[in-house]
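Under the working numbering, the residue at position 19 of the sequence shown is numbered 5, and the numbers go up by one with no gaps.
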Amino acid sequence: MDANGLGMGFLVVGAGFLGAQRAAAVMAARGCRLVAIHDCNEPSAREVAGQHGVRVVPRYADALTWDEVDAVIVATPHSDHYEQVR
-13 MDANGLGMGF LVVGAGFLGA QRAAAVMAAR GCRLVAIHDC NEPSAREVAG
37 QHGVRVVPRY ADALTWDEVD AVIVATPHSD HYEQVR
């Protein structure tokens, strides 16, 4: 739980098949909440975010400063991970 008792807040990076699946899993998990979705393909991000009633973040690094983001799920192709998290 976060300090407000709202559950752990997640940002999902990636709105393809795995990102959509991870977002749904966060929504279904007790003590977790989905805060935002990021994808370089903004229409995909809007679609997944709209399914869950959360916002889209155009630059995921911006969301890392948000108090409500406690964890990040990187759901992108493995070959992209290094550049995304370094």
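Note that beta-carbon positions come from the ideal geometry of N, C-alpha and C, so glycine has one too.
The DSSP-derived three-state label of residue 19 is strand.
For residue 36, the uninterrupted alpha helix (DSSP H) segment begins and ends at 28 to 38. Judged by DSSP secondary structure, residue 4 falls within the alpha helix (DSSP H) whose first and last residues are 3 to 14.
Residue nearest to residue 6 within the set -7, 19 and 35 is 35 (criterion: CA-CA distance). Remark: C-beta atoms of residue 43 and residue -3 approach each other more closely than 8 Å.
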